[in-house]
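Asks: 1 is the number of the first residue of the sequence shown in the UniProt record's numbering; add one for each residue after it.
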Amino acid sequence: MLVQALGEVEENLGQLGLATRRAMADHFWCELLVQLVVVIEESNRVLESVPRMVTDQIVRSRQENGFTEVERKVITACAAQVWKRLTDALGLTVISDARVLLPALRALAVLMCKSPPRHPALVKHCVDPLKAFFVEETKKRLKHVFEGLVPQITAEVNGTNPAAQAAGSSGQPISSAGN
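(1) Would you decide whether L33 is buried or exposed? Buried here means 16 or more other CB atoms lie within 10 Å of its CB.
(2) T154 by DSSP, collapsed to three states: which one?
(3) How would you label A109, buried or exposed, when you count the other beta carbons within 10 angstroms and need 16 or more for buried?
(4) Which of helix, strand or coil does DSSP assign to M1?
(5) Look at the alpha carbon of L142 and the alpha carbon of D128, and state the distance between them as a whole number of angstroms.
(6) Pull up the distance between the alpha-carbon of T154 and that of T160, whole angstroms please.
(7) Give me the Cα-Cα distance between E10 and C30, rounded to the nearest whole angstrom.
(8) Secondary structure at Q15, three-state DSSP: helix, strand or coil?
(9) Taking the C-alpha atoms as reference points, what is the distance between F28 and Q15?
(10) DSSP state of K124, grouped into three classes?
(11) Have a look at M53, F67, G66 and K114 and flag the residue whose alpha-carbon is nearest the alpha-carbon of T76.
(12) Report the CB separation of S43 from I95 in whole angstroms; it is logged as a contact under 8 Å.
(13) Measure the C-alpha to C-alpha separation of N12 and M24 and round it to an integer number of angstroms.
(14) Distance, Cα to Cα, H144 vs R118?
(15) Can you tell me which of the three DSSP states C30 falls into?
(16) State the Cα-Cα distance for the pair A89 and K140, rounded to the nearest angstrom.
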């Protein structure tokens with residue numbers, strides 16, 4: 001992806017000089033990915049806040065201009081519905097859909113970085129969020145696994161699990177041959 005991007009840049013701008021290439025070797029590509037992550041997150045925050053901001057502006061405008069008051073919840077609901085339809089029609093949902101790319105972009109930035117500990121923006125916007133993402137994902141998966149295992153283990157310990165009773169106390173199947 002990045003090789004193709006660089007090829008396209010050189011096709012448009014001409015061959016990059018050695019000094020530029022050296023400078024780009026110093027955290028350029030990982031920083032580019034970090035800043036994509038930051039901008040996608042900021043764009044999502046702004047897009048998600050539009051209905052609230054519009055509501056605040058309408059309430060303020062109606063008060064200042066002496067218009068009849070409309071309940072805030074009605075304004076909020078209308079602003080949210082119109083905003084949803086506009087974002088769908090204008091394709092702005094693509095930006096909010098881009099949030100699913102964030103873990104992959106973060107991982108790619110970390111893997112590309114020659115020295116993550118010396119790249120504070122990478123740590124702040126990629127390493128730390130990835131750590132939190134993996135911890136949460138691990139917790140969810142462990143919870144799912146243990147939710148099924150704990151009742152089974154409890155039943156086996158209490159001797160109420162039919163499968164455990166058929167196996168006998170040693171955990172080995174009971175032989176009908178009578179060894």
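Quick reminder that beta carbons are idealized off the backbone N, C-alpha and C, glycines included.
Replies: Per the coordinate set shown:
(1) Residue mapping note: residue 33 aligns to position 33 of the sequence shown, counting from 1. Buried, since its Cβ has 16 or more Cβ neighbours within 10 Å.
(2) Numbered from 1 along the sequence shown, position 154 holds the residue referred to as residue 154. If DSSP states are grouped into helix, strand and coil, T154 belongs with the helices.
(3) Counting from one through the sequence shown, the residue named residue 109 turns up at place 109. It is buried - the Cβ of A109 has at least 16 other Cβ atoms within 10 Å.
(4) As a first step, residue 1 must be located in the sequence shown, where it is residue number 1. Residue state, collapsed to three classes: coil.
(5) Looking up residue 142 in the sequence shown gives position 142. Looking up residue 128 in the sequence shown gives position 128. Taking the straight line joining both Cα atoms gives about 21 Å.
(6) Sequence index remark: in the sequence shown, residue 154 carries index 154 (1-based). Sequence index remark: in the sequence shown, residue 160 carries index 160 (1-based). When rounded, the distance between both Cα atoms is 8 Å.
(7) Reading the sequence shown from its first residue, position 10 is the one you call residue 10. Reading the sequence shown from its first residue, position 30 is the one you call residue 30. If you take the alpha carbons of E10 and C30, they lie about 19 Å apart.
(8) As a first step, residue 15 is located in the sequence shown; it is residue number 15 there, counting from the start. The answer is coil: DSSP assigns Q15 none of H, G, I, E or B.
(9) Along the sequence shown, one-based indexing puts residue 28 at 28. Along the sequence shown, one-based indexing puts residue 15 at 15. Taking the straight line joining both Cα atoms gives about 17 Å.
(10) Within the sequence shown, residue 124 is the residue found at index 124, counting from 1. The answer is helix: DSSP assigns K124 an H, G or I state.
(11) Stepping through the sequence shown from its first residue, residue 76 is reached at position 76. The shortest C-alpha separation from T76 is found at M53.
(12) As a first step, residue 43 is located in the sequence shown; it is residue number 43 there, counting from the start. As a first step, residue 95 is located in the sequence shown; it is residue number 95 there, counting from the start. At roughly 5 Å, the Cβ-Cβ gap stays under 8 Å, so S43 and I95 are in contact.
(13) Start at 1 with the first residue of the sequence shown, and residue 12 comes out as number 12. Start at 1 with the first residue of the sequence shown, and residue 24 comes out as number 24. Distance between the alpha carbons of N12 and M24: 17 Å.
(14) The count along the sequence shown starts at 1 and reaches residue 144 at position 144. The count along the sequence shown starts at 1 and reaches residue 118 at position 118. One C-alpha to the other measures close to 37 Å.
(15) Here the question's residue 30 lines up with position 30 in the sequence shown. Helix, per DSSP.
(16) In the sequence shown, counting from the first residue as 1, residue 89 sits at position 89. In the sequence shown, counting from the first residue as 1, residue 140 sits at position 140. The straight-line gap from Cα to Cα measures roughly 35 Å.
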